[in-house]
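A.B. asks: Let me give you the structure first, and then I'll get to my questions.
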Amino acid sequence: METDKVVITVPVTGSFGDRTTPFIPITPEEIAESAVDAHRAGASVVHIHVRDVKTGAPSMDFELYREVVERIRDRSDMIINLSTGAGARFIPDDKDPLGFGAGSTLCVPQKRMAHVLRLKPEICSLDVGSLNFGAHVFVNTLSHVEAMAQVIRDAGIKPELEVFDMGHIEIANHLLKTEKVIGPPLFQLCMAVPWGIPAGAKNMIMMKDALPADAVWTAFGIGAASFPTAAQSVLLGGHVRVGMEDNLYLKKGQRAASNRELVEKAVRIIHALDREPASPDEARESLRIS
């Protein structure tokens, strides 16, 4: 659905970097403050991961999620989008391919969904397919995806269908046909993630054309692809995601000092294309959040 208003999602922090990486939000207070600051710059949706306060490593701790969400809700009307991607990482043991190597987080769907059911965001991510993801495997078996989709549907939360390759769109279409996801659907086109679909206009058009006719969609690119992907998405009628989960640089050789700086650059791109960033309420209408 094309609209004059562009929804900006800010993924405040992810798995890039750790305590030694400058400017990365780590604590719940830092994550929430960075989200609210990005909201002031034009972001209307915040995509949330949490990190271990001491090490900066990715975490699934409920209390960290709770504190972040409460701090953001107390200070803004941003749309909360909680990640369910944690708990899908598999790294095989070099001595036993059926064993779990250090860094594996693979767990049951119930654990991946626990914070979502307790905190009741308006949106949560749903990664619909598996992928060689950098050095590890991102595991989302169909039975797990179907189980998570049904839980999200029954809780009245809008799933953001994360697709990293063309086959993932077919899985998403299966979820829609079997009514495990109720339309109109919301898609996130995830580009330039090693080893998913590369960024670029041709690939984005191919993905867009494969979506259901009533789909609403956002796109993001990793690293240097971040801002070109944002511009291409706006030109093709999609929405935008920029933030430190995806990209740590404002431009080549210049580290971003904050999520706000990344959002401000996205706003400049949107304005250059004669569009406007959406407010949270306008975003709720565009994303068809009931």
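Using this note's numbering, the first residue of the sequence shown is number 3, and each one after it goes up by one.
Built from N, CA and C at the ideal position, the CB exists for glycine as well.
Nothing here was measured: the structure is a model prediction, and the numbers come from that model.
1) Does residue 235 come out as helix, strand or coil in the three-state DSSP assignment?
2) Going by beta carbon distance, what residues of the same chain come within less than 8 Å of residue 108, once the five residues before and after it are set aside?
3) Between which two residues does the alpha helix (DSSP H) harbouring residue 261 extend?
4) Quickly, what does DSSP pair residue 218 with across the bridge? List them, please.
5) Which word fits residue 162, buried or exposed, when buried means at least 16 other C-beta atoms lie within 10 angstroms of its C-beta?
6) Give me the DSSP bridge partner(s) of residue 327.
7) Give every residue of the same chain whose Cβ lies closer than 8 Å to the Cβ of residue 4, excluding the five residues on either side of it in the sequence, and list them in chain order.
8) When DSSP labels each residue in this structure, what does residue 290 get in the three-state scheme?
9) Going by beta carbon distance, what residues of the same chain come within less than 7 Å of residue 282, once the five residues before and after it are set aside?
10) Can you check whether the CB of residue 49 is closer than 8 Å to the CB of residue 325?
11) Bridge partners for residue 138 per DSSP, in chain order?
12) Is residue 160 helix, strand or coil when you go by DSSP?
13) Are residue 260 and residue 25 closer than 8 Å when you measure CB to CB?
14) Please confirm if the stretch 274–289 is in contact with the stretch 59–73, defined as three or more CB-CB distances below 8 Å between the two stretches.
15) Could you please give me the residues that DSSP links to residue 92 through a beta bridge?
16) Which residue comes first and which comes last in the beta strand (DSSP E) that contains residue 100?
17) Between which two residues does the alpha helix (DSSP H) holding residue 210 run?
18) Per DSSP, what kind of secondary structure is residue 293 in: helix, strand or coil?
19) Rounded to the nearest angstrom, what separates residue 177 and residue 159 at their Cα positions?
C.D. replies: From the atom records:
1) Here residue 235 refers to the residue found at position 233 when the sequence shown is read from its first residue. Note: residue 235 maps to helix in three-state DSSP.
2) As a first step, residue 108 must be located in the sequence shown, where it is residue number 106. Only 89, 90, 91, 92, 102 and 141 meet the Cβ criterion.
3) For this step, residue 261 is matched to residue 259 along the sequence shown. Secondary structure note for residue 261: its alpha helix (DSSP H) is the uninterrupted segment 261–274.
4) Position 216 of the sequence shown, counted from the start, is the residue given in the question as residue 218. For residue 218, which the question treats as bridged, DSSP gives the partners 188.
5) Mapped onto the sequence shown, residue 162 falls at position 160. Buried is the call here.
6) The structure shown does not extend to residue 327, since the chain spans only 3 to 292, so no value can be given for it.
7) In the sequence shown, the residue the question calls residue 4 occupies position 2. Annotation note: pLDDT 49 at residue 4 (below 50); position unreliable, coordinate value reported separately. So the qualifying residues of the chain are 239.
8) What you label residue 290 is simply residue 288 of the sequence shown in a count that begins at 1. Residue 290: coil per DSSP, three-state reduction.
9) The count along the sequence shown starts at 1 and reaches residue 282 at position 280. Here the set comprises 46, 79, 80 and 81.
10) With the chain covering 3 to 292 only, the question about residue 325 has no answer from this structure.
11) Along the sequence shown, one-based indexing puts residue 138 at 136. The partner list for residue 138 (beta bridge, DSSP) reads 135.
12) Walking along the sequence shown from the start, residue 160 turns up at place 158. Here residue 160 sits in strand by DSSP.
13) Residue numbering aside, residue 260 sits at position 258 when the sequence shown is read from its first letter. Residue numbering aside, residue 25 sits at position 23 when the sequence shown is read from its first letter. Contact flag set, yes.
14) no
15) For the purposes of this step, residue 92 is identified with residue 90 of the sequence shown, where counting begins at 1. DSSP output for residue 92 lists 139 as bridge partner(s).
16) By one-based count along the sequence shown, residue 100 stands at place 98. Counting along the chain, the beta strand (DSSP E) containing residue 100 begins and ends at 98–102.
17) Locating residue 210 in the sequence shown gives position 208, counting from the first residue. Counting along the chain, the alpha helix (DSSP H) containing residue 210 begins and ends at 203–212.
18) For the chain, the structure presents residues 3 to 292; residue 293 sits outside this window and is missing.
19) Here residue 177 refers to the residue found at position 175 when the sequence shown is read from its first residue. Here residue 159 refers to the residue found at position 157 when the sequence shown is read from its first residue. Those two C-alpha atoms are separated by around 15 Å.
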